[in-house]
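S.K.: Got a structure for you, questions after.
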Amino acid sequence: MSANTISSRPLDEKNREHTIIKTSIIGIIANVFLAAFKAVVGLLSHSIAIILDSVNNLSDAGSSLITIIGTKLAKKQPDRKHPWGHGRAEYLSSMIISVIILYAGITSLVESIKKIINPETPDYSTAAIIIVAVAVVVKILLGTFVKRTGKRVNSDSLVNSGTDALMDSIISASTLAAAIIFLIWHISLEAWLGAIISVIIIKSGVGMLRETISHLLGQRVSVETARKVRECIMSFPQVHGVYDLIFHDYGPEKFNCSGHIEVPDTLSAREIDQLQRQIAVELYVRHGIILTALSVYTFSVSDDRDKAVRSEIYDIAMSVEHVLEAHGFYLDEEQKRIQFDIIVSFDAPDRDAVYNDVVRQVREKYPEYELYCTLDTDFSLSEQEE
């Protein structure tokens with residue numbers, strides 16, 4: 004589960020924090036022990052691959068420590084300077100972990116190249132091979148556990164740490180394979196193996212860093228999240244449409260949302276106020292999302308002319324390629340004014356050209372009216388685009 008996807012019900016924050024910290028502590032203990040064993044074995048056997056693997060385990064322990072610190076910072080109460088809280092600190096901790104992984108990969112690559120230029124003959128023992136084999140199993144179990152827990156509690160830091168641990172199991176397995184090849188055929192592949200492993204680590208670090216930066220920049224929410232929010236709001240019988248959903252991500256499980264709803268023009272101001280309050284409560288109870296604003300579009304229940312014009316304009320708009328949605332229709336017969344919004348796909352070669360085409364066709368159909376058409380941005384990724 005990504006940080007931009009909501010769960011069916013919000014997680015209990017205290018339980019989530021406790022789970023992340025407990026999982027990180029398990030990771031620290033496991034990695035420190037593995038690093039110590041591998042360091043001893045690597046030094047005794049003169050194995051650069053095992054030594055690099057040991058250093059990598061220490062960086063993993065550091066990553067778990069950073070996860071704990073990030074989780075604690077994210078739980079700080081809102082203050083005057085940060086009224087929406089400190090939830091994005093988790094993204095920062097995830098970014099630091101990504102940088103550590105990237106640095107470890109670059110350092111390993113440099114050391115491996117040095118060993119390729121000036122090779123050393125490794126001296127493997129049975130104990131060394133057994134320890135590396137055990138490390139493979141431990142890392143697979145640890146990585147699977149941490150990554151699965153990270154997805155369950157929606158923690159990018161844990162997911163990154165778990166992914167890194169699973170990659171470490173591949174590294175350890177490769178080191179084990181190199182040791183067996185050397186013992187059987189007396190061919191040393193250590194330095195070359197270290198270089199390949201380093202490239203894999205660098206690639207993983209870059210991918211994790213790119214994903215975290217995307218969260219900090221403000222990426223769109225998933226289709227699943229937008230769909231769940233729409234379904235929740237549409238569950239109220241007075242609501243006939245949900246549009247312009249805008250989400251603000253203030254950390255895992257910390258979404259704010261605003262949007263527009265379409266309701267009959269027969270509702271009173273008091274009824275609309277009650278409806279907005281009910282929607283806000285339901286959205287928070289079901290999905291843990293804070294509704295910050297909910298604007299209203301009305302549609303005519305009894306005016307046949309209003310209905311006919313609205314239907315014709317929507318048909319015109321939707322007939323133009325790359326138009327995803329038309330909404331927010333308003334007809335003022337006294338002022339001779341028509342107003343509506345359209346959403347144009349980001350896949351359109353020229354969104355302004357699509358907009359101008361819609362406006363031109365509507366003006367040709369209703370030349371006696373003053374036209375106000377808004378080109379909306381599809382912030383929440385309409386499912387039509389998927």
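In the numbering used here, the protein residues as written are 4 to 389. A virtual CB, placed ideally from N, CA and C, is assigned to each residue, including glycine. Bear in mind that the values here come from a model prediction, so they are computed numbers and not experimental data.
At which residues does the beta strand (DSSP E) containing A351 begin and terminate?
M.R.: Here A351 belongs to no beta strand (DSSP E), and DSSP marks it neither H nor E.
S.K.: Rounded to a whole number of angstroms, what is the C-alpha to C-alpha distance between P13 and G221?
M.R.: Residue confidence is low: P13 scores 46 on pLDDT, short of 50, so the model does not pin down where it sits. Its coordinate-derived value is still stated next. Rounded to the nearest angstrom, the two C-alpha atoms are 21 Å apart.
S.K.: Quick one, which of T301, S101, A356, L196 has its alpha-carbon nearest V242's?
M.R.: Nearest of T301, S101, A356, L196 to V242, Cα basis: T301.
S.K.: Could you pull the start and end residues of the alpha helix (DSSP H) that T380 belongs to?
M.R.: Counting along the chain, T380 falls outside any alpha helix (DSSP H), and DSSP gives it neither H nor E.
S.K.: Assuming D268 is part of the beta strand (DSSP E), what are its boundary residues?
M.R.: Run containing D268: none; DSSP gives neither H nor E here.
S.K.: Straight-line CA distance for S57 to L47?
M.R.: Their backbone Cα atoms lie some 13 Å apart in a straight line.
S.K.: Using the three-state DSSP reduction, which class does E336 fall into: helix, strand or coil?
M.R.: Coil at E336, not helix or strand.
S.K.: Where does H21 fall in DSSP's three states?
M.R.: Reduced to three states, the DSSP call for H21 is helix.
S.K.: Using 8 Å as the threshold, is the C-beta distance between F2 and L286 below it?
M.R.: For residue 2 there is no data in the structure shown, the boundaries of the chain being 4 and 389.
S.K.: Under the three-state reduction of DSSP, which class applies to N121: helix, strand or coil?
M.R.: Coil at N121, not helix or strand.
S.K.: In terms of alpha-carbon separation, which member of K117, I119, A198, F40 lies closest to V139?
M.R.: When only C-alpha atoms are compared, the closest one is F40.
S.K.: Mind checking which residues open and close the alpha helix (DSSP H) that includes I173?
M.R.: It spans 159 to 188 - the alpha helix (DSSP H) in which I173 sits, taken as one unbroken run.
S.K.: Comparing C-alpha positions only, which one of S175, V312, F332, D318 sits nearest to D268?
M.R.: Nearest option by C-alpha distance: F332.
S.K.: Buried or exposed for S11, please, with buried defined as at least 16 other CB atoms from any protein chain shown within 10 angstroms of its CB.
M.R.: With a pLDDT of 43 at S11, under the threshold of 50, the modelled position of this residue cannot be trusted, and the question is left open.
S.K.: Apply the 10 Å Cβ neighbour rule to V137 and answer buried if 16 or more other Cβ atoms are within range, or exposed otherwise.
M.R.: Under this definition V137 is an exposed residue.
S.K.: Less than 6 Å between C-beta atoms, sequence neighbours within five positions excluded: which residues of the same chain meet that for A176?
M.R.: Cβ neighbours of A176 beyond the five flanking positions: V139.
S.K.: Would you mind stating whether L212 and S101 have Cβ atoms separated by less than 8 Å?
M.R.: Closer than 8 Å, so yes.
S.K.: Have a look at R308 and I345 and give me their C-alpha separation to the nearest angstrom.
M.R.: When rounded, the distance between both Cα atoms is 21 Å.
S.K.: Enumerate in chain order the residues of its own chain whose CB-to-CB distance from L61 is below 6 Å, with the five nearest sequence positions on each side excluded.
M.R.: Only A38 meet the Cβ criterion.
S.K.: Using a Cβ-Cβ cut-off of 6 Å (strictly less than) and excluding sequence neighbours within five positions of R19, which residues of its own chain qualify?
M.R.: These residues qualify, in order along the chain: V156.
S.K.: Looking at S207 and I23, is the spacing between their C-beta atoms short of 8 Å?
M.R.: In this structure, S207 does not lie closer than 8 Å to I23 by Cβ.
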